[in-house]
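Residue numbers (our numbering), protein chains in the order written: chain A, 1 to 318; chain B, 1 to 274; chain C, 1 to 434. The C-beta atom is built at its ideal place from N, Cα and C for all residues, glycine as well. Report on the following structure.
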């Protein structure tokens, strides 16, 4: 039954139950569906209003002030913080870093995640155990992840550098997180490691519902392995991949913890993403107004990406 | 698939395991080495001297136990609240004809994507007015900002997938709408609720920024900022830190192990936050 | 209706649980004092707890709640607390003269002069008291004074036939000889992270070259030959430092030495306790000397201190500070990291000298506890400088660490990097009024 028909049927039945309940004299039951629905939505609406809409409004309001942390009141500067922002090299730099960070982590997650899902889709002994293990990084607390990777990356006694030097791949230890040239990829690797399982599970779930007869038919038509992958597998999972990519892009763009805890945005701002810039402006240089202005710009970027997502949903009704 | 492929698959599987599991192994094994062995080059891949000293220190010398309990409290409260508030809303979105429902559904998704960095400054100012800074309830409420939209989004699909026939039958038998929700729909939705709850718990368990900014009293501190404190400014006791990291991972590992078969529900429908 | 009640009960239960999760209400007469400190080594944390228990034994109406933050995050945390309208009553050991002076200027701090008088002004080290005297008030009571020294591995120096360095040239030559990446040994350990330690070590280098960061009229004076010479030396020495100095702050600089990978490092006395805990074999192979100079001897003078924020509970907070400043308690605070700070109360000094670690390691502790006359405080770079009220704004923008990073990690020419830092500093401090 299509959702709309189901709802229609339910509404009819709901009407019947309303009449029945009315006879029974229950107070709640006397409410019509529309009302009951609204009542059920109220707690969540209240939560959003108090914890999201109001703070958003307050954040926008704060962004019109110059306000030092130690001062209770700010000075109205209108769009001054935004003018400062758009003329500021650090802001554009951070926007670029954030974009590359989201792009690189999501791109790698999608490619590697699909590959791993294809591997785990094959039958082999111990498959369910491996499937379980692959989930581990995802459920590990971010702080634990960061601490472990700090130890692994260490240039003096870290095991990664030891293996690289001992096997002769590099001549001297690499300062993974403290060299501006490698720090970006150092944090990207951790981001991919942590969130890869998510893509694996979703793609795996989708792979399992691809009808096998599609492959049989292709084989009869003489299609090779590559052609079967491109024409059938990829074609079947492409919608899922698009949605996953879009959502993960937003989450990686918003991600504060991983990069902040690993590098604090450094060295030389090589990993200074926008959320870290917000934090730095607000709590490092005490500029609440400027920090809020950056956050507001992030919000409008989010709206833009979400509109793409909604447009996609409209185009491909589920 | 013909099983003859299997032999060719194992090298790839091993590579995958090394990539995924080595950091985990390194975390656990470092926590069992004495500090001098941690610094050794070449490193010992299996601890030469096994010691539980760091775990003893963790509870004897640091307040890890308190941090753990605090985290548990905050995460359980926020997960509980989110499940109640979110499921009611999700049920309404799935089953009722409410004007503006689609727009509201989108708002939920948008709320779910909200950057924490945007919220933290205004929430701090708001909570100060309400006296909710430095309170576990305040932090739990802050976690609702992502937990409620998540629960609503996942459970909406879940409720929609519960067959309406049973509900209709209950209604014809004279049950009220809420009665049908309680008696018929909820029991069907339990696996979904558990999976969703575990994810909501996971996000809260991992959260760092709100926990850092909204709580400053050490007796109320939760695990993520508390653990970062173990990396004190002046010293890095890797054994101790890895022991803390291992223990902090345990609850999630247990929860995931127990409900592995429901996992795809949460992951698949949720888009799932990071 | 029964089910409705059930649902309602469930909801109420949820909220009840939530309320139970909040802080339990305290008895009315109790004053709760928040005590914030960056001294968070587990052994130090234990001492804070013992002191709190000790205080509870003599004063039952005041409850002390400790809060911890790392040095690099401390000011951010105080900022967040101030936005939240609830600064901690006591901040212990922030060592941020500039930030506290800004707070004093905004009338946020309690004048501690009466407490100093009560404790006995004559027992205090006068210059230390003066360093925390702003806008006519005693903004803080310093309890310990400290400066970094150069920690040296005598076995490695002997092996290479080198003497411990006293000048830049000697240090540079020694560091070059001792650096051996294939053995995993580095001759020096110059921090280059965006951290406070980088700021301190680069400041010392500038002073040791005869330069100043601000001149006597508090104008920025970075774009000078002295600063360029200092930064050229700093960049050279980074070549003989571990590869990941781009991240180094306090803990990494200390760990590089205690892990045996660095033949020398700049650090305060705390390394002694780290050696006892983590690398006792290095104790016999360690000696300290004052930081090598480039013409002028210099090191950075800092303090650990108590600051009391104004608020309802200021009086109770003063009681606790008074308790902590008693000689025995001061000694307790110092014990876990003995020789890290020199007490500012003369009556505590004899206890320090009795400590086993101090008695046993004269080669290590002498430079750390014998008085020096070349210590410089960033907020007062010379006797002729007035108190630098611009330092807080300068420090908040990490201008020196950024300059070091541009030179060391970004390979920017020294002259250009110094010129940029100068401009940034002028920009950052232009609007700061006294």
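Cutoff 8 angstroms: residue i Cβ touching any chain A Cβ
{"i": "residue 78 (chain B)", "result": "no"}
{"i": "residue 242 (chain C)", "result": "yes"}
{"i": "residue 79 (chain C)", "result": "yes"}
{"i": "residue 249 (chain B)", "result": "yes"}
{"i": "residue 145 (chain B)", "result": "yes"}
{"i": "residue 310 (chain C)", "result": "no"}
{"i": "residue 13 (chain B)", "result": "yes"}
{"i": "residue 16 (chain B)", "result": "yes"}
{"i": "residue 259 (chain B)", "result": "no"}
{"i": "residue 104 (chain B)", "result": "yes"}
{"i": "residue 245 (chain C)", "result": "yes"}
{"i": "residue 50 (chain B)", "result": "no"}
Residue i at chain C interface by Cβ criterion, 8 angstroms
{"i": "residue 29 (chain B)", "result": "no"}
{"i": "residue 277 (chain A)", "result": "no"}
{"i": "residue 283 (chain A)", "result": "yes"}
{"i": "residue 62 (chain B)", "result": "yes"}
{"i": "residue 114 (chain B)", "result": "no"}
{"i": "residue 157 (chain A)", "result": "yes"}
{"i": "residue 79 (chain A)", "result": "no"}
{"i": "residue 44 (chain B)", "result": "no"}
{"i": "residue 49 (chain A)", "result": "no"}
Best match in the options for proximity to residue i [C-alpha to C-alpha]
{"i": "residue 199 (chain B)", "options": "B:144, B:237 and B:177", "result": "B:144"}
{"i": "residue 86 (chain B)", "options": "A:45, A:144 and A:104", "result": "A:45"}
{"i": "residue 387 (chain C)", "options": "C:393, C:394 and C:379", "result": "C:379"}
{"i": "residue 113 (chain A)", "options": "A:86, A:203, A:96 and A:54", "result": "A:203"}
{"i": "residue 172 (chain A)", "options": "C:184, C:174 and C:177", "result": "C:184"}
{"i": "residue 257 (chain A)", "options": "A:245, A:246, A:61 and A:274", "result": "A:274"}
{"i": "residue 384 (chain C)", "options": "C:390, C:391 and C:376", "result": "C:376"}
{"i": "residue 240 (chain C)", "options": "C:372, C:267, C:178 and C:215", "result": "C:178"}
8 angstroms contact criterion, which residue i and residue j should meet: CB distance rounded
{"i": "residue 124 (chain B)", "j": "residue 212 (chain B)", "result": "Between residue 212 (chain B) and residue 124 (chain B) the Cβ distance is about 11 angstroms, and since that is not below 8 angstroms, they are no contact."}
{"i": "residue 38 (chain C)", "j": "residue 195 (chain C)", "result": "With a Cβ gap of about 13 angstroms, residue 38 (chain C) and residue 195 (chain C) do not count as contacting."}
{"i": "residue 36 (chain C)", "j": "residue 91 (chain C)", "result": "5 angstroms"}
{"i": "residue 195 (chain A)", "j": "residue 248 (chain A)", "result": "7 angstroms"}
{"i": "residue 33 (chain C)", "j": "residue 313 (chain C)", "result": "6 angstroms"}
{"i": "residue 94 (chain B)", "j": "residue 195 (chain B)", "result": "About 17 angstroms separates the two Cβ atoms, so there is no contact after all."}
{"i": "residue 245 (chain B)", "j": "residue 148 (chain A)", "result": "6 angstroms"}
{"i": "residue 274 (chain C)", "j": "residue 254 (chain C)", "result": "6 angstroms"}
{"i": "residue 237 (chain B)", "j": "residue 141 (chain A)", "result": "Going by Cβ atoms, the distance from residue 237 (chain B) to residue 141 (chain A) rounds to 19 angstroms, so no, they are not a contact pair."}
{"i": "residue 228 (chain B)", "j": "residue 143 (chain A)", "result": "6 angstroms"}
Below-8 angstroms beta-carbon distance, residue i vs any chain B residue
{"i": "residue 424 (chain C)", "result": "no"}
{"i": "residue 406 (chain C)", "result": "no"}
{"i": "residue 254 (chain A)", "result": "yes"}
{"i": "residue 295 (chain A)", "result": "yes"}
{"i": "residue 83 (chain C)", "result": "yes"}
{"i": "residue 269 (chain C)", "result": "no"}
{"i": "residue 260 (chain C)", "result": "yes"}
{"i": "residue 146 (chain C)", "result": "no"}
{"i": "residue 76 (chain A)", "result": "no"}
Next item on the list: Identify every run of the alpha helix (DSSP H) within the segment 318-365 of chain C, keeping only runs that are complete inside it and at least 4 residues long; order them along the chain.
Entry: 327-334, 349-354 and 356-360
Notebook entry, point to check: Given a limit of 8 angstroms on CB to CB distance, which residues of the segment 67-96 of chain B reach chain A?
Noted result: 84, 85, 86, 88, 89, 91, 92, 93, 95 and 96
Margin query: Taking beta-carbon pairs under 7 angstroms, can you tell me which members of the segment 196-227 of chain B lie near chain C?
Written below: 213, 216, 217, 218, 219 and 220
Item checked: Short-range partners of chain B found in the segment 43-70 of chain C, where Cβ spacing is below 8 angstroms -> 43, 45, 46, 65, 66, 67, 68, 69 and 70
Check: In the segment 166-194 of chain C, which residues sit with their C-beta less than 9 angstroms from some C-beta in chain A, listed in chain order?
Finding: 181, 182, 184, 186, 192, 193 and 194
Note to self: Runs of 4 residues minimum, wholly inside the segment 105-148 of chain A: which ones carry the alpha helix (DSSP H) assignment?
What the structure shows: 127-134 and 136-139
Check: Taking the runs of the alpha helix (DSSP H) that are 4 residues or longer, which of them lie wholly in the segment 121-193 of chain B?
Finding: 136-161, 164-172 and 177-180
Next item on the list: Mind listing, in chain order, the continuous alpha helix (DSSP H) runs of no fewer than 4 residues lying wholly within the segment 131-203 of chain C?
Entry: 154-159 and 168-178
Checklist line | 3-residue-minimum beta strand (DSSP E) runs that sit fully inside the segment 290-316 of chain C, ordered along the chain | finding: 302-308
Check: Which runs of the alpha helix (DSSP H) spanning at least 4 residues fall entirely within the segment 168-223 of chain A, listed in chain order?
Finding: 180-207 and 212-220
Check: Which parts of the segment 192-251 of chain B are runs of the alpha helix (DSSP H), unbroken and 4 residues or longer, counting only runs that do not cross its ends?
Finding: 209-214 and 223-230
Note to self: Beta carbons nearer than 7 angstroms to chain C: which residues of the segment 178-194 of chain A have them?
What the structure shows: 178, 179 and 180
Check: What are the complete beta strand (DSSP E) segments, minimum 3 residues, inside the segment 78-106 of chain A?
Finding: none
Note to self: Which runs of the alpha helix (DSSP H) at least 4 residues long sit entirely within the segment 46-111 of chain C? Give them in chain order.
What the structure shows: 71-83 and 97-105
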